[in-house]
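Engineer: Here's a structure for you.
2 protein chains.
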Amino acid sequence: MNDVPIAVLLSGGMDSAACLWWLRDQHPHSDIHALSIDYGQRHRVEIDYAAQLAERCGAHSHRILRLDLSTLSGNPLTDHSVSVPAASDKRQATTVVPFRNLLFVTATAAYAETQRIADIYIAPVRDDFEAYRDCRREFYDALEAALRLGGAVDRAIRLHTPFIEKWKSEVITLGLRLGVPYELTHTCYAGRRPACGRCDACVERLGAFSANGADDPLTYETRS
Amino acid sequence: MNDVPIAVLLSGGMDSAACLWWLRDQHPHSDIHALSIDYGQRHRVEIDYAAQLAERCGAHSHRILRLDLSTLSGNPLTDHSVSVPAASDKRQATTVVPFRNLLFVTATAAYAETQRIADIYIAPVRDDFEAYRDCRREFYDALEAALRLGGAVDRAIRLHTPFIEKWKSEVITLGLRLGVPYELTHTCYAGRRPACGRCDACVERLGAFSANGADDPLTYETRS
Chain U
13 MNDVPIAVLL SGGMDSAACL WWLRDQHPHS DIHALSIDYG QRHRVEIDYA
63 AQLAERCGAH SHRILRLDLS TLSGNPLTDH SVSVPAASDK RQATTVVPFR
113 NLLFVTATAA YAETQRIADI YIAPVRDDFE AYRDCRREFY DALEAALRLG
163 GAVDRAIRLH TPFIEKWKSE VITLGLRLGV PYELTHTCYA GRRPACGRCD
213 ACVERLGAFS ANGADDPLTY ETRS
Chain R
13 MNDVPIAVLL SGGMDSAACL WWLRDQHPHS DIHALSIDYG QRHRVEIDYA
63 AQLAERCGAH SHRILRLDLS TLSGNPLTDH SVSVPAASDK RQATTVVPFR
113 NLLFVTATAA YAETQRIADI YIAPVRDDFE AYRDCRREFY DALEAALRLG
163 GAVDRAIRLH TPFIEKWKSE VITLGLRLGV PYELTHTCYA GRRPACGRCD
213 ACVERLGAFS ANGADDPLTY ETRS
């Protein structure tokens, strides 16, 4: 696979940003089509950062697909009446919209199909395993099978997960080497800039930079 | 399975309406949660009919989930600048939004998950096979696997397809027996009431009623 076009699911977070820069490095002659999902998330500001990342990296295109999951209520990422749990609550599972990844990856595959793109990149990392069952490779294998059987023609769709065996801190190591502008990535579940520094996502991010002996270029309200 | 709640994907078309009445008949004591998807379809009027069908049948709830697939353009069901092909064109495949069924069924599963419902009913019929690969049972089996692997907990989600071996005309036979109010179902791809009578969907519907020696209670602009 050299010059074939590529689709990448770009959330605007650190991992998908590193994936975008890694793709640019690995496939310098391929058109990269980035897709972000606007699902009514509280931290919707991440989509603006995704657009800036796509432009900065020289992506061929950046599209935003709107999937309004706010009717799937009771979830703090989409329901603005539910508070985001602090990392100390150990309640990560409540931040998951049911089958969110399945919906997002399928939507990306649908967009890719309209562009005749068969190679789709997603950036789950090893840290995601425990809380998110849909970040495991066996899940992606099952979804690949469903996509192949459910497409208009019998054509393989490849869901690439280059970072699935890497820890988040290793992906940051890679991203720093590739020059990812981390100040343009968004992580905070509360959607704040400066970031809250208290939610699961902020705490995990700070820990990953710390593990690299690197300084996170973002500003935070507090660093716990 | 007796009194457990049930979710059903209700498009407002004939097949899902028959499925709803069949469920009411088979599971008289179960709460039936109907879900319709607003995906920016040209024939969006079907959602209004879905709401009427749910109420008439005594469904416990009817929710509408908005998935804006109009950015997946070039498809006549969502792109208002593309004309709907007449049945005589033999170009059914162009009316398929990529992975539409995968998205819709997954969205239904996500909604069901928020209600702790594990049994989901969908109404593909045998006639759908040729044009739509995602109406085959093997596709649903693969999607069931992806849903089981992608859920927050390891819990089976059952995708029931009671009509998958039945021809559309047989489903109408069943629906007529169960008292489905077919005047409240919508079929025309062009979204017209009276129905256009010329598109694939209208032609197929008229053929199915005709095969039953029954009269379609809908009014049509023309009956080809």
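Top line first, the protein sequences correspond to chains U and R.
Going letter by letter, the first sequence gives residues 13 to 236 in the working numbering.
Going letter by letter, the second sequence gives residues 13 to 236 in the working numbering.
Here a beta-carbon is modelled for each residue, glycine too, at the ideal position from N, C-alpha and C.
Since the model is a prediction, treat every value here as computed from it, not as a measurement.
1. C69 of chain R by DSSP, collapsed to three states: which one?
2. Does the beta carbon of E8 of chain U sit closer than 8 Å to a beta carbon anywhere in chain R?
3. With respect to the alpha helix (DSSP H) encompassing S28 of chain U, which residues constitute its N-terminal and C-terminal limits?
4. State the start and end residues of the unbroken alpha helix (DSSP H) segment that holds S222 of chain R.
5. What in chain R is Cβ-close to Y123 of chain U, meaning under 7 Å?
6. Are the C-beta atoms of V16 of chain R and some chain U residue less than 8 Å apart?
7. Any idea what DSSP makes of G203 of chain U, helix, strand or coil?
8. Is it the case that the Cβ atoms of G70 of chain U and R112 of chain U are separated by a distance below 8 Å?
9. Can you tell me the Cα-Cα spacing of C211 of chain R and F151 of chain R, whole angstroms?
10. At which residue ranges does the segment 134–197 of chain U contain complete alpha helix (DSSP H) runs of 4 or more residues, listed in the order of the chain?
11. Determine, using beta carbons only, whether P136 of chain U comes closer than 8 Å to chain R.
12. To the nearest angstrom, report how far apart E58 of chain U and T199 of chain U are at their CA atoms.
13. List the residues of chain U that E150 of chain R touches, going by C-beta distances under 8 Å, in chain order.
14. If the criterion is Cβ atoms closer than 8 Å, does the pair G163 of chain R and E216 of chain R meet it?
15. Could you have a look at A124 of chain U and say whether DSSP puts it in helix, strand or coil?
16. Which chain U residues sit within Cβ distance under 9 Å of R36 of chain R?
17. Rank U:Y201, U:S48, U:L218 by C-alpha distance to the C-alpha of R54 of chain U and give the top, closest one.
18. Could you tell me whether the Cβ of P40 of chain R comes closer than 8 Å to any Cβ of chain U?
19. Report all residues from its chain with a CB closer than 8 Å to the CB of R167 of chain R; omit the five preceding and five following residues, and keep chain order.
20. Residues in its own chain within less than 6 Å of D140 of chain R by CB, not counting five upstream and five downstream?
21. How many angstroms separate the CA atom of T83 of chain U from the CA atom of V109 of chain U?
22. What residues in its chain sit with their C-beta under 8 Å from that of G191 of chain U, if we drop five residues either side in the sequence?
23. Given that L77 of chain U touches chain R, what residues does it touch there, using C-beta distances under 7 Å?
24. When you compare each of R:I169, R:L65, R:G203 to G52 of chain R by their alpha carbons, which one comes out closest?
25. Please compile the residues from chain R whose C-beta is within a distance smaller than 8 Å of the C-beta of D80 of chain U.
26. Going by Cα to Cα distance, which pick from U:L21, U:D27, U:P40 is closest to D15 of chain U?
27. Please name the residue, chosen from U:T173, U:K178, U:H72, that lies closest to Q127 of chain U on a Cα-to-Cα basis.
28. I need the straight-line Cα distance from A220 of chain R to S48 of chain U, nearest angstrom please.
29. To the nearest angstrom, how far is the alpha carbon of L65 of chain R from that of I184 of chain R?
30. If I follow the unbroken beta strand (DSSP E) through V239 of chain U, where does it start and stop?
31. If we cut at 8 Å on Cβ distances, does D27 of chain U have a partner in chain R?
32. Taking the alpha carbon of Y194 of chain U as the reference point, which residue from U:R68, U:A154, U:T173, U:I18 has its own alpha carbon closest?
33. Cβ of F111 of chain U less than 8 Å from any chain R Cβ?
34. When DSSP labels each residue in this structure, what does A62 of chain R get in the three-state scheme?
35. Applying a beta-carbon distance threshold of less than 9 Å, which residues of chain R neighbour D146 of chain U?
Structural biologist: With the given structure in hand:
1. helix
2. The question about residue 8 of chain U has no answer, for chain U in this structure spans 13 to 236.
3. 26–38
4. 212–223
5. L84
6. no
7. coil
8. no
9. 27 Å
10. 149–162, 180–190
11. no
12. 8 Å
13. L161
14. no
15. helix
16. Residues of chain U passing the Cβ test: none, with the nearest at roughly 24 Å.
17. U:Y201
18. no
19. A130, R160
20. C147
21. 11 Å
22. W33
23. T83
24. R:G203
25. L77, R78, L79, D80
26. U:P40
27. U:H72
28. 42 Å
29. 16 Å
30. This structure leaves residue 239 of chain U out entirely; chain U is present only between 13 and 236.
31. no
32. U:R68
33. yes
34. helix
35. A158, L161, G162, G163, A164
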